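Positions 45 to 589 (the numbering used here) are the ones given, in order, by the sequence shown.
See below for the structure under consideration.
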Amino acid sequence: MAERPPSEDDSIKEDAKRVGRQAGKSVGSWDYSRPIYPHNIHPALVPGISLDEQRRKYSVDKIVFAVAGVLAVAFVIWGLISPENVGVVANAAYGWVTTNLSWLFSAVATIVLFSLLALAFTRYGRIPLGKDGEKPEFSTFSWVAMLFAAGLGIGVMFWGPAEPLTYFISPPPMTNAPESTEAMQFALAQTYFHWGFHAWAMYALVGGAVAYVAYRRGRSLLMSSIFRRLFGARQTDGFAGRLVDIFAIIATLFGTAAALGIAALQIGEGVTIVAGVSEITNTVLAIIIAVLMVGFIVSAVSGVARGIRYLSNINIVFTIGIVALVFFLGPTLFLLNLLPSAVMEYIGSFFDLMARSGAWGQETIDFQSAWTVYYWAWWISWSPFVGIFIARISRGRTIRQFILGVILIPSSLLFVAYGVMGATAIWMRREGKPGFDEEMGAPQVLFTMVDNLPFAEWLPLVIMVILAIFFITAADSASVVMGILTTRGRQDPPKLIVVFWGLVMGGIAFIMLILGDETALEGLQSLVIITAVPFAIIMLLIIVA
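Written out as structure tokens, the structure is:
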């Protein structure tokens, strides 16, 4: 059979491959601000330039490391000297942000979601986040487990039963009567809105952008690498790029420290049930934090593949088991009737939920500030950490697989988990079960619900283990990400760097709690929200870049 003569398309492909190989060999000579591609091929269609092929030498970025470290230590000193002042300043700033910039957060959440969905179904959706033909690094199950554990974490157990119950007792303004049948469905729909597609779209934007520039274009695994073509190589490698990376570290550091404090408080609630004590002291909370610190440092040092993947696989099995137990030991028939209607309520009210704004009146403004805008700001502030970690575990997936997988798969799991946990709490409230009164706080809802399940006396201890693993998984992911950001994008940062950031995270939460003043912890959470303001703008720039 005669050999087919080379066509013009074959020539274009060969030229493109040659450019890719040459780019991989010429470290430091690639001008990303003015790229030249054969036959004017769009850069996204040029065969991938692996980050590994760059033969880049990594070292600690002393400026990024020093500035971020000094800011963290300064904050700890401030908290030691004047914790009340921390709370006052943070809450004042938080109030200003939620009052004056609510529209910005809502706009960012909506633009990001629909921009990504549109991108997924274009021809660029077939582009792999890696070289052509490269296989995914992790199995689909491990990938989903790490997404679920790193992005949702403690929220499933903490807010899963508490948030829907809150909306059932006190529905959002201009919706339904308190504790009515309609309020049940809308309570779950409102929860899905806060924890579903919008949240994961923000993570997907940052994660997809970082994965593309690192594994497809051969740049460093840094937040700043996204803006190389937008800002130019000089600014990206200089002040502007370092500022982006420093801010990503600070947001990750404070966000994870606040989560550690929340985890310690809820585990403390479990200790009161298991140990039969009436109050948890600061000493017990300090021990809880110390154990969690040791756990996530050990996990982070062991590496992503051995540590985080192993714990994620264990925890998703445990979480499915807990949700299944609540489903079968709780009001099974009630759940089967309510959950499908709640999902349909969410879908039917999707655009109505997005359209709420300050124009709806003061009550809506107050609700949006306390809940919706708070969540949008929280997801934005966590997007550098979760996004970079998702990029690290998503090498080899196509852009379409990445976007749809990151947005839809964890959201679907969340709908089931939050539906079962939240609807069970609502049912117990309606049935007048012991402990479900007006005075019950959010940390108490989970253990009060479990305490009312039959044959589940042993469950609080298991839940405490799950809460600990959930935090360890998120915290060691954060330690690795901050190590990457301080070593110029090294995918396996030195263990000492990872341990340092782990100790700093635990130290911040530890100091806040041993002060014996919850205002400090609440102020820390408010500071996390404040960090979302510049990142809201950065996320819009990512779409352009």
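Every residue, glycine too, gets a C-beta built ideally from N, C-alpha and C.
Computed from a predicted model, the values in this text were never measured in an experiment.
Whole angstroms is fine: what's the gap from residue i's alpha carbon to residue j's?
{"i": "residue 225", "j": "residue 452", "result": "28 Å"}
{"i": "residue 297", "j": "residue 278", "result": "27 Å"}
{"i": "residue 477", "j": "residue 299", "result": "35 Å"}
{"i": "residue 264", "j": "residue 334", "result": "33 Å"}
{"i": "residue 236", "j": "residue 412", "result": "15 Å"}
{"i": "residue 293", "j": "residue 548", "result": "12 Å"}
{"i": "residue 276", "j": "residue 585", "result": "14 Å"}
{"i": "residue 73", "j": "residue 137", "result": "Confidence at residue 73 is low in this model, with a pLDDT of 36, below 50, so its placement is unreliable and the value that follows should be read with caution. Straight-line Cα distance between these residues: approximately 44 Å."}
{"i": "residue 485", "j": "residue 317", "result": "15 Å"}
{"i": "residue 119", "j": "residue 515", "result": "22 Å"}
{"i": "residue 105", "j": "residue 435", "result": "21 Å"}
{"i": "residue 340", "j": "residue 520", "result": "5 Å"}
{"i": "residue 552", "j": "residue 109", "result": "17 Å"}
{"i": "residue 437", "j": "residue 230", "result": "35 Å"}
{"i": "residue 143", "j": "residue 128", "result": "22 Å"}
{"i": "residue 577", "j": "residue 141", "result": "8 Å"}
{"i": "residue 211", "j": "residue 329", "result": "30 Å"}
{"i": "residue 319", "j": "residue 305", "result": "20 Å"}
{"i": "residue 255", "j": "residue 221", "result": "46 Å"}
{"i": "residue 162", "j": "residue 404", "result": "30 Å"}
{"i": "residue 550", "j": "residue 544", "result": "10 Å"}
{"i": "residue 135", "j": "residue 440", "result": "43 Å"}
{"i": "residue 517", "j": "residue 510", "result": "10 Å"}
{"i": "residue 205", "j": "residue 113", "result": "37 Å"}
For residue i, count neighbouring C-beta atoms within 10 Å of its own C-beta (all shown protein chains included) and say buried if the count is 16 or more, exposed if not.
{"i": "residue 268", "result": "buried"}
{"i": "residue 185", "result": "exposed"}
{"i": "residue 443", "result": "buried"}
{"i": "residue 396", "result": "exposed"}
{"i": "residue 580", "result": "buried"}
{"i": "residue 525", "result": "buried"}
{"i": "residue 170", "result": "exposed"}
{"i": "residue 207", "result": "buried"}
{"i": "residue 218", "result": "exposed"}
{"i": "residue 377", "result": "exposed"}
{"i": "residue 359", "result": "buried"}
{"i": "residue 496", "result": "buried"}
{"i": "residue 432", "result": "buried"}
{"i": "residue 483", "result": "exposed"}
{"i": "residue 139", "result": "exposed"}
{"i": "residue 501", "result": "exposed"}
{"i": "residue 365", "result": "exposed"}
What does DSSP give as the partner residues of residue i in its beta bridges?
{"i": "residue 375", "result": "According to DSSP, which records beta bridges pairwise, residue 375 is partnered with nothing at all."}
On the premise that residue j lies in contact with residue i, defined as a C-beta separation below 8 Å, what is that separation, rounded to the nearest angstrom?
{"i": "residue 308", "j": "residue 332", "result": "5 Å"}
{"i": "residue 284", "j": "residue 428", "result": "So it is not a contact: roughly 15 Å between Cβ atoms."}
{"i": "residue 369", "j": "residue 503", "result": "7 Å"}
{"i": "residue 150", "j": "residue 420", "result": "7 Å"}
{"i": "residue 245", "j": "residue 387", "result": "Not a contact, Cβ separation roughly 18 Å."}
{"i": "residue 252", "j": "residue 424", "result": "Incorrect: roughly 16 Å between the Cβ atoms, too far for contact."}
{"i": "residue 489", "j": "residue 461", "result": "About 15 Å; that fails the 8 Å criterion."}
{"i": "residue 200", "j": "residue 363", "result": "6 Å"}
{"i": "residue 379", "j": "residue 513", "result": "Actually they do not touch by this definition, with Cβ atoms about 25 Å apart."}
Can you tell me whether residue i is helix, strand or coil according to DSSP?
{"i": "residue 210", "result": "helix"}
{"i": "residue 416", "result": "helix"}
{"i": "residue 172", "result": "strand"}
{"i": "residue 280", "result": "helix"}
{"i": "residue 530", "result": "coil"}
{"i": "residue 442", "result": "strand"}
{"i": "residue 273", "result": "helix"}
{"i": "residue 248", "result": "helix"}
{"i": "residue 368", "result": "helix"}
{"i": "residue 470", "result": "helix"}
{"i": "residue 102", "result": "coil"}
{"i": "residue 134", "result": "helix"}
{"i": "residue 328", "result": "helix"}
{"i": "residue 14", "result": "The displayed coordinates of the chain run from 45 to 589. Any statement about residue 14 would go beyond what the structure contains."}
{"i": "residue 300", "result": "helix"}
{"i": "residue 495", "result": "helix"}
{"i": "residue 575", "result": "coil"}
{"i": "residue 588", "result": "helix"}
{"i": "residue 481", "result": "coil"}
{"i": "residue 260", "result": "helix"}
{"i": "residue 394", "result": "helix"}
{"i": "residue 165", "result": "coil"}
{"i": "residue 182", "result": "coil"}
{"i": "residue 215", "result": "coil"}
{"i": "residue 265", "result": "coil"}
{"i": "residue 223", "result": "coil"}
Any heavy atom of the ligand ZN closer than 7 Å to the CB of residue i?
{"i": "residue 433", "result": "The ligand ZN is absent from the structure shown, which contains no ligand whatsoever."}
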